[in-house]
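According to my numbering, the sequence shown holds residues -16 to 58 in order.
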Amino acid sequence: MIKQIGVKPSPLSFGWFLYRINKFNNAERYAKMMLEQLPPNDRGIGDAYNLLGLIYNDIKRLDKSIEYYEKALEI
């Protein structure tokens, strides 16, 4: 696929894809990977926190969901 389009998707893009097909554990891993790779003030951090909030909401970990939504709002 990468050779066909010539663009390598980011871990966060792949995380969103995995989330949309209900692969929550894998989506969580890619979102956290993105948080480790991004510089401190990158706007993608808010996107990663939002994705983690959605994942935890869907797996009924509401405490973690709220934690990540709040982190996203702080940015």
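For glycine and all other residues, C-beta sits at the position ideal for the given N, C-alpha and C.
Handout entry: Reduced DSSP secondary structure (H/G/I, E/B, other) of S(-7)
Key = Note: S(-7) maps to coil in three-state DSSP.
Problem - Cβ shell of A55 (< 7 Å), same chain only, five flanking positions each side left out - result: G29, Y32, N33, G36
Handout entry: Residue range of the alpha helix (DSSP H) that includes N8
Key = Its alpha helix (DSSP H) spans residues 7 to 20.
Exercise for the section: Could you name the residues of the same chain whose beta carbon sits closer than 7 Å to that of M16, not counting the 5 residues immediately before and after it, in chain order? Expected result: Same-chain partners within the cutoff: P(-6).
Exercise for the section: Report the three-state DSSP secondary structure of D25 (helix, strand or coil). Expected result: coil
Problem - Alpha-carbon spacing of D26 relative to L18, whole angstroms - result: Just to set this straight, residue 26 is Arg in the shown sequence, not Asp. C-alpha separation (whole angstroms): 11 Å.
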